[in-house]
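Peer 1:
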Amino acid sequence: MRGTEHVDQVVIIGGGISGLSSAFYLSRKAKEQGRTVQVTIVEPAGSLGGKINTLRKEGFVIEKGPDSFLARKQPMIDLAVDLGLEDELVPINPAAKKTYILNRGKLHPMPPGLVLGVPTEVMPFVKTGLLSPKAKLRAGMDFVMPARKGDEDESIGGFLERRLGGEVVEKIAEPLLAGIYAGELHKISLRATFPQFREAERKHGSLIRGMRASRKSPSASAGTPAKYRNITFLTFRNGLATVTEALEEQLKHVDLQLGRKAVRIHKRGGSSADEGQRAPRYQVELDNGVHLDADAVIITTPAFSAAPLLKPHLDTEELDDIRYVSVANVVLAFDKKEFGLTFDGSGFLVPRTEGKVITACTWTSTKWLHTSPDDKVLLRCYVGRSGEEAAVELPDEQLTAAVLKDIRSILDIKAEPIFTEITRLRHSMPQYPVGHVEQYKAFRGRLAEKLPGVWATGAAFEGVGLPDCIRQARDTAFSVLDELKG
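Quick note on UniProt numbering: the sequence shown kicks off at 1 and runs consecutively.
(1) Can you tell me the Cβ-Cβ gap for W363 and F343, rounded? I've got them flagged as a contact below 8 Å.
(2) Which value, in whole angstroms, describes the spacing of the CA atoms of T353 and G387?
(3) I'd like to confirm the pairing. Which residues does DSSP put opposite E43 in its beta bridges?
(4) Looking only at its chain, what residues have a beta carbon closer than 7 Å to the beta carbon of V480, apart from the 5 residues adjacent to it on each side?
(5) What is the residue span of the beta strand (DSSP E) that M429 lies within?
(6) Consult DSSP for E201 and reduce its assignment to one of helix, strand or coil.
(7) In chain order, which continuous runs of the alpha helix (DSSP H) of length 4 or greater are located wholly inside the region 96-164?
(8) Below 8 Å, how does it come out for the region 425-432 and the region 326-335: are there three or more Cβ pairs, yes or no?
(9) How many angstroms separate the CA atom of L341 from the CA atom of I413?
(10) Mind the definition here: the region 76-94 touches the region 44-60 only if three or more C-beta pairs lie below 8 Å; say whether that holds.
(11) Could you tell me which of G289, W368, A333 and P373 sits nearest to A415, measuring between CA atoms?
(12) Quick check on this structure: which residue in L164, D8, F159 and A226 has the alpha carbon closest to the alpha carbon of K134?
(13) Determine the direct distance from the alpha carbon of G458 to that of A178, and round the result to whole angstroms.
(14) Measuring alpha carbon to alpha carbon, tell me which of P373, Q398, Q431 and L131 ends up nearest R385.
(15) Are there 16 or more other CB atoms within 10 angstroms of the CB of G150, so buried, or fewer, so exposed?
(16) Out of V437, F419, Y382 and Q472, state which residue places its alpha-carbon closest to the alpha-carbon of Y181.
(17) Taking F24 as the reference, give the member of R474, K367 and L292 with the closest Cα.
(18) Go ahead and label F69 buried or exposed: buried means 16 or more other beta carbons lie within 10 angstroms of its beta carbon, across all protein chains shown.
(19) By Cβ distance below 6 Å, which residues in the same chain neighbour G453 in space, the five residues on each side in sequence not counted?
(20) In three-state terms, what does DSSP make of E58?
(21) Hey, how far is the Cα of P433 from the Cα of G183?
(22) Do K336 and D375 come within 8 Å of each other at the CB atom, strictly closer than that value?
(23) Around the Cβ of T128, are there at least 16 other Cβ atoms within 10 angstroms (buried) or fewer (exposed)?
(24) Between the region 283-290 and the region 251-269, do three or more beta carbon pairs fall short of 8 Å?
(25) For H436, does the count of other Cβ atoms within 10 angstroms reach 16, so buried, or fall short, so exposed?
(26) To the nearest angstrom, how far is it from the Cα of A402 to the Cα of L292?
(27) Taking C-alpha atoms, which residue in L207, D153 and R237 lies nearest to A80?
(28) Entirely within the region 312-336 and at least 3 residues each: give me those beta strand (DSSP E) ranges in chain order.
(29) Tell me residue 489's beta-bridge partners as DSSP assigns them.
(30) Hey, M76 and P467: beta-carbon distance below 8 Å or not?
(31) Exposed or buried, what is E476 when buried is set at 16 or more other beta-carbons lying within 10 Å of its beta-carbon?
(32) Note the first and the last residue of the continuous alpha helix (DSSP H) segment covering V81.
(33) For a test of the three-state rule: what should DSSP assign to Q472, helix, strand or coil?
(34) Could you give the residue range of the alpha helix (DSSP H) that holds F443?
(35) Can you find at least 3 beta carbon pairs, one from the region 159-175 and one from the region 189-206, that sit closer than 8 Å?
(36) So is M429 buried or exposed if we call it buried at 16+ other beta carbons inside 10 Å?
See below:
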């Protein structure tokens, strides 16, 4: 007599955007295929969402984690459509596209035509007060300098310094690009972060020519819906938590193990006692002693949390090589009439050489009009980057005072904030080392060999942005279903 049909059991470790997206696409695809899959999410925090954390307070929409995503990266838009949230998407204020960079204590507008810190328009670059004449001439050498031979990886900083010179890296590229990773450009992999730079050099013999061509190419916006093609950033009217809340609503059928930590993955041997059944391949042990059966396991945690789960089964040196940087967000709200200043842009960036505590400041209520009542001003200041993390751990009062000191010296304001919100994101920013792409490929192959049916995905591997995490999660979910079916 045959046993009942086997129900595949999938345990997802981590309840951030990667874990939730994995569960959503796994469940949806299985239903389309007429298959039954039991999904369990294990999350050590008491709630889902990970770093996405929206505070709705007194008419403000305050992001304590990420605040937006790149409109040209389709997976987040796809997810919004799949969740019925497309009408909730809002673009950056078109009147606030200008960004400033602090140089010698003064704010200078970023030259028009910059693409990821690379100039693509000559005259605005020549006229900028950010750089010395010598630096501008050095950047112009990119047009005549031969492309580098070979295909080995290098650091972002090393590549840009080779093509454009040290001053461009220090005053423009570093505050702009390192702001994405809170890292040191000379320690972060080019291939894992901005491979289009190397491709531009290889194809056009010049980074500037290559980035100019890619900017004008129709393929640059291929796949992006027409209404978003001239928009840089998008978010949701009621905050990014709109997405995680919708995902949680869609996943009511999922078994949630909140406040629980996965501590061990056990291989199971033998077969099921019921004829026609197959025994689950793994058990995931939780910190309360509970063991969860699993035919497949998806690990979406940071590398430093994934490694201990995998070390008993395979070498995890690639995970151990991924450092994480701690950062903090300090959000300040003001009465507009007391603030006494209006903005014509989205904010400013602060190079390391300026000696400030803050690394950047977003003029949030100008950049995102929905985030603040009309009679209020909302600023969001960033603290912490690789090599400069100490300020993140300052007591709240000292951290607020240090941030206010910087803001007042730069913007020349005297207003007192009506409230402050501080969020510390400890060990939150993965730093992809040079060679990361090759290292991850080797790790992934070893993981498939030693622990078939176990996947590792998320910000530690193929991109830190929300669309990157969603894309990886979706691809992993489909791979899991294919592997279980096989």
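Where is the CB? At the ideal position from N, CA and C, for every residue including glycine.
Since this is a predicted model, take the numbers as computed values, not measurements.
Peer 2: Here's the rundown:
(1) Approximately 4 Å separates the beta-carbon atoms of W363 and F343; this is inside 8 Å, confirming the contact.
(2) If I take the Cα positions, the gap works out to 13 Å.
(3) For E43, which the question treats as bridged, DSSP gives the partners L258.
(4) Only V10, L26, A296, I298 and W455 meet the Cβ criterion.
(5) Membership of M429 in the beta strand (DSSP E) is indicated by the continuous run F419 to Q431.
(6) In this structure, E201 counts as helix in the three-state DSSP scheme.
(7) Fully enclosed alpha helix (DSSP H) runs of 4 or longer: 122-127, 133-140 and 156-164.
(8) At 8 Å Cβ cutoff, the stretches touch.
(9) Between L341 and I413, the alpha-carbon positions lie close to 8 Å from each other.
(10) Touching, no.
(11) Answer by Cα proximity: A333.
(12) Residue L164 is the option with its Cα nearest to K134.
(13) Each residue's alpha carbon lies about 20 Å from the other.
(14) Relative to the Cα of R385, the nearest Cα in the group P373, Q398, Q431 and L131 belongs to Q431.
(15) Note on G150: under 16 other CB atoms within 10 angstroms of its CB, so exposed under the neighbour-count rule.
(16) Sorting V437, F419, Y382 and Q472 by C-alpha distance to the C-alpha of Y181 places Y382 at the top.
(17) The shortest Cα separation from F24 among R474, K367 and L292 belongs to R474.
(18) Flag for F69 reads buried.
(19) Take G453, set aside five residues on each side of it, and the residues of its chain with a beta-carbon closer than 6 Å to its own are R281 and A296, in chain order.
(20) Coil at E58, not helix or strand.
(21) Distance between the alpha carbons of P433 and G183 is about 11 Å.
(22) Taking 8 Å as the Cβ cut-off, D375 and K336 qualify as a contacting pair.
(23) Under this definition T128 is a buried residue.
(24) With a cut-off of 8 Å, the region 251-269 and the region 283-290 count as touching, because enough Cβ pairs lie within range.
(25) With 16 or more Cβ atoms within 10 Å of its Cβ, H436 is classed as buried.
(26) Between A402 and L292, the C-alpha separation is close to 47 Å.
(27) Considering only L207, D153 and R237, the residue with the shortest C-alpha distance to A80 is R237.
(28) If only uninterrupted beta strand (DSSP E) runs of at least 3 residues are considered, those enclosed by the region 312-336 are 323-335.
(29) Beyond the ends of the chain as shown, which are 1 and 486, falls residue 489; an answer cannot be given.
(30) A distance below 8 Å separates the beta carbons of M76 and P467.
(31) Looking at the sequence itself, residue 476 is Thr, so the reference to Glu does not match. Buried, because 16 or more other Cβ atoms sit within 10 Å of the Cβ of T476.
(32) For V81, the enclosing alpha helix (DSSP H) has its first and last residue at Q74 to D82.
(33) Looking at Q472 - three-state DSSP - the assignment turns out to be helix.
(34) That run of the alpha helix (DSSP H) goes H436 to K450.
(35) Yes, the region 159-175 is in contact with the region 189-206.
(36) Here M429 is buried. Its C-beta has 16 or more other C-beta atoms within 10 Å.
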